[in-house]
Amino acid sequence: MRGWAEYHWAVLLDNIGEDPAGALPRYETALDIATRTGDGYFESYIIRHLAPHREPAERIATLRRSLHLRAALGARPQTVAAQALLADNLPEDDPERAELIRTLRPGAEELGIGWLVPDN
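Heads up, the sequence shown is in my numbering, so the first residue is 205 and it goes up one at a time.
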């Protein structure tokens, strides 16, 4: 329970309070709890929110890990969202980006997640 409280507090600080410096230690505490308890689902959420605070190469690796964790758990809506976010962070000419968009589109359509269906 503490991990989720730390995570939600971090999200509020980061996204509403615009205080990433205050959010980062709470994300890290939540991540420590998630990894210690082997909660890959929770970890996927935390690292997805940590990724924007990382340098580009680490950001991409973090987003890939979040995607892989979600896919391994069979969390389809979360996997589609992770594919979209990773694709959005890759260069437009990156073949991985094109493949992510190609594979996420049917899932987003099937699940009725219209805002995740890319226009291109």
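All residues carry an ideal CB built from backbone N, CA and C; glycine is no exception.
Starting from residue i, trace the alpha helix (DSSP H) both ways and give me its first and last residue.
i, result
"Trp213", "206–215"
"Ala227", "224–241"
"Gly278", "Run containing Gly278: none; DSSP gives neither H nor E here."
"Arg252", "244–254"
Give a yes or no on whether the C-beta atoms belonging to residue i and residue j are separated by under 8 Å.
i, j, result
"Ala291", "Arg280", "no"
"Ile251", "Thr266", "yes"
Excluding the 5 residues preceding and the 5 following residue i in the sequence, name in chain order all residues of the same chain whose CB lies nearer than 8 Å to its CB.
i, result
"Ala276", "Gly244"
Quick one: using the 10 Å Cβ neighbour count with 16 as the cut-off for buried, is residue i buried or exposed?
i, result
"His253", "buried"
"Asp297", "exposed"
"Gly207", "buried"
Among residues of its own chain, excluding the 5 on either side of residue i, which ones have a beta-carbon nearer than 7 Å to its beta-carbon?
i, result
"Arg269", "Ile251"
"Val284", "Leu308, Gly311, Ala312, Leu315, Ile317, Leu320"
Go through its chain and collect everything with a Cβ distance to residue i's Cβ below 6 Å, but skip five positions before and after it.
i, result
"Asp218", "Pro224, Ala227"
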